[in-house]
Amino acid sequence: MTSRDRYGSDVLQTDWRAPKRGRAVEAPAELGTVVEEVTTDWCGEIVAVDRDLDTVTLEDRRARRRTFPLGPGFLLDGKPVILVAPVHVSAPAKPTRTASGSVAVHGAKARVARASRIFVEGRHDAELVEKVWGDDLRIEGVVVEFLGGVDDLADHLRDFKPGPQRRVGVLVDHLVRGSKESRIAANIAKSPIGKDVLIVGHPFIDIWQAVKPQRLGFERWPDVPRSIDWKTGTCQQLGWPHRNQADIARAWQHILGGVRSFADLDPALLGRVEELIDFVTAEGPARG
Numbered sequence: 280m281t282s283r284d285r286y287g288s289d290v291l292q293t294d295w296r297a298p299k300r301g302r303a304v305e306a307p308a309e310l311g312t313v314v315e316e317v318t319t320d321w322c323g324e325i326v327a328v329d330r331d332l333d334t335v336t337l338e339d340r341r342a343r344r345r346t347f348p349l350g351p352g353f354l355l356d357g358k359p360v361i362l363v364a365p366v367h368v369s370a371p372a373k374p375t376r377t378a379s380g381s382v383a384v385h386g387a388k389a390r391v392a393r394a395s396r397i398f399v400e401g402r403h404d405a406e407l408v409e410k411v412w413g414d415d416l417r418i419e420g421v422v423v424e425f426l427g428g429v430d431d432l433a434d435h436l437r438d439f440k441p442g443p444q445r446r447v448g449v450l451v452d453h454l455v456r457g458s459k460e461s462r463i464a465a466n467i468a469k470s471p472i473g474k475d476v477l478i479v480g481h482p483f484i485d486i487w488q489a490v491k492p493q494r495l496g497f498e499r500w501p502d503v504p505r506s507i508d509w510k511t512g513t514c515q516q517l518g519w520p521h522r523n524q525a526d527i528a529r530a531w532q533h534i535l536g537g538v539r540s541f542a543d544l545d546p547a548l549l550g551r552v553e554e555l556i557d558f559v560t561a562e563g564p565a566r567g
């Protein structure tokens, strides 16, 4: 009787070192592809590829995001792959919507700037507003300026001289009852120029918090003691570099990079910016 060889005829005819799932091959990190990162078991859709940092961002089914280095360590359809930045030669399709959700108007020229303005507290506020509402603002001819803080708002308005055809909308951080910001806003509203100035605010300590933390890979913004600078303390608790202002600037660019549209922002900010745009672009008399 012929016995069956349980172990095969010749072990040297096979690659006994080959992994069970096969050897990894290169695969382009195309947007929309679903992959799994093997060390963390994080499975998600590829939503961003940063060629400068050689990273890929995955979004799971709960809209949470995490960023990983490009390269080996991923599974695609259960098989190991080495993710590489994709090469695209064709021009991307023109979007049908702006980042703010408005209908995109391709080829439209920017309108000559209105006399009216929108003031925001700092550079980061201005950059976030530009990224999400920039297309709308250019079509409407609205210029956004940053103040460097709200303490000198009254002086800025005195120099600007608001009027019925020269309105000013102001976006203020941490505009909550009893705060310094709320007292400044109340005094300006009662002043002779109050009818031509609209001051609105959001409850966040800093504009960073207006970005949904899930878009950056964590569940909530950390609580920072008042004795510590908020941005520095936030970077420290998130494990980000925070030694100097350059580190803080890089942290902000990372946060801003996580914003693709209005959907990545907290609704508490969205309504306030839309209100300001409506105010400074409205025709006719100002508020009574």
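Residue numbers for the sequence shown follow this note's numbering, beginning at 280 and rising by one. Beta carbons are placed, not taken as given, at the ideal position from N, Cα and C, and that holds for glycine.
Could you give the first and the last residue of the continuous beta strand (DSSP E) run that contains threonine 346? Walking along the sequence shown from the start, residue 346 turns up at place 67. For threonine 346, the enclosing beta strand (DSSP E) begins and ends at 344-348.
Arginine 499 to lysine 491 span [Cα, whole Å]: Sequence index remark: in the sequence shown, residue 499 carries index 220 (1-based). Sequence index remark: in the sequence shown, residue 491 carries index 212 (1-based). Rounded to whole angstroms, arginine 499 to lysine 491 spans 8 Å at the Cα level.
Candidates Ala530, Gln488, Ile534 and Leu517, of which the one nearest leucine 548 by Cα: Here residue 548 is taken as the residue at index 269 of the sequence shown, counted from 1. Taking only the C-alpha atoms, the option nearest leucine 548 is Gln488.
Once DSSP output is grouped into helix, strand and coil, what is the label at valine 408? Translated into positions along the sequence shown, residue 408 becomes position 129. Three-state DSSP puts valine 408 in a helix.
Mapping DSSP to helix, strand and coil, what is arginine 396? As a position in the sequence shown, residue 396 is number 117, starting the count at 1. Arginine 396: strand per DSSP, three-state reduction.
Can you give the Cα-Cα distance for tryptophan 295 and leucine 355, rounded to whole angstroms? Indexing the sequence shown from 1 puts residue 295 at position 16. Indexing the sequence shown from 1 puts residue 355 at position 76. Residue placement at tryptophan 295 is flagged as unreliable, the pLDDT there being 45, under the threshold of 50; the coordinate-derived value follows with that caveat. C-alpha separation (whole angstroms): 23 Å.
Verify whether the separation of the beta carbon atoms of threonine 319 and threonine 334 is less than 8 Å. Against the sequence shown, residue 319 aligns to sequence position 40. Against the sequence shown, residue 334 aligns to sequence position 55. Cβ atoms of threonine 319 and threonine 334: not closer than 8 Å.
If you drop the 5 nearest sequence neighbours on each side, which residues of the same chain put their C-beta closer than 8 Å to that of leucine 349? Here residue 349 refers to the residue found at position 70 of the sequence shown. The answer, listed in chain order, is Ala308, Val328, Asp333, Thr334, Val335, Leu362, Val363 and Ala364.
Suppose you measure from the CA of valine 423 to the CA of tryptophan 321; what does that come to, to the nearest Å? For the purposes of this step, residue 423 is taken as residue 144 along the sequence shown, with counting starting at 1. For the purposes of this step, residue 321 is taken as residue 42 along the sequence shown, with counting starting at 1. Approximately 40 Å between the Cα atoms of the pair.
Looking at C-alpha atoms only, which residue of Pro441, Leu432 and Thr511 is the closest neighbour of arginine 393? To locate residue 393, count along the sequence shown from 1; it is residue 114. Among Pro441, Leu432 and Thr511, the Cα nearest to that of arginine 393 is on Pro441.
Where arginine 340 falls: helix, strand or coil (DSSP): To locate residue 340, count along the sequence shown from 1; it is residue 61. It is coil, neither helix nor strand.
Name, in chain order, the residues that DSSP records as bridge partners for cysteine 322. Reading the sequence shown from its first residue, position 43 is the one you call residue 322. Cysteine 322 is bridged to Glu315.
Which runs of the alpha helix (DSSP H) at least 4 residues long sit entirely within the segment 419-503? Give them in chain order. 432-439 and 459-469
Relative to the C-alpha of valine 447, which candidate in Ala306, Leu426, Phe558 and Ala542 has its C-alpha closest? By one-based count along the sequence shown, residue 447 stands at place 168. Taking only the C-alpha atoms, the option nearest valine 447 is Phe558.
Collapsed DSSP secondary structure at valine 559 in the structure displayed: The sequence position of residue 559 within the sequence shown is 280, counting from 1. The answer is helix: DSSP assigns valine 559 an H, G or I state.
Rounded to a whole number of angstroms, what is the C-alpha to C-alpha distance between glycine 287 and glutamate 324? Taking the sequence shown and counting its residues from 1, one reaches residue 287 at position 8. Taking the sequence shown and counting its residues from 1, one reaches residue 324 at position 45. Since pLDDT at glycine 287 reaches only 45, below the 50 mark, its modelled position is unreliable, and the value read off the structure follows with that caveat. C-alpha of glycine 287 to C-alpha of glutamate 324: approximately 41 Å in a straight line.
May I ask you to list the residues that DSSP assigns as paired with phenylalanine 353? As a working note, residue 353 is residue 74 in the sequence shown. According to DSSP, phenylalanine 353 bridges with Glu316 and Val360.
Going by C-alpha to C-alpha distance, which of Val451, Pro359, Phe353 and Asp414 sits closest to isoleucine 397? In the sequence shown, counting from the first residue as 1, residue 397 sits at position 118. It is Val451.
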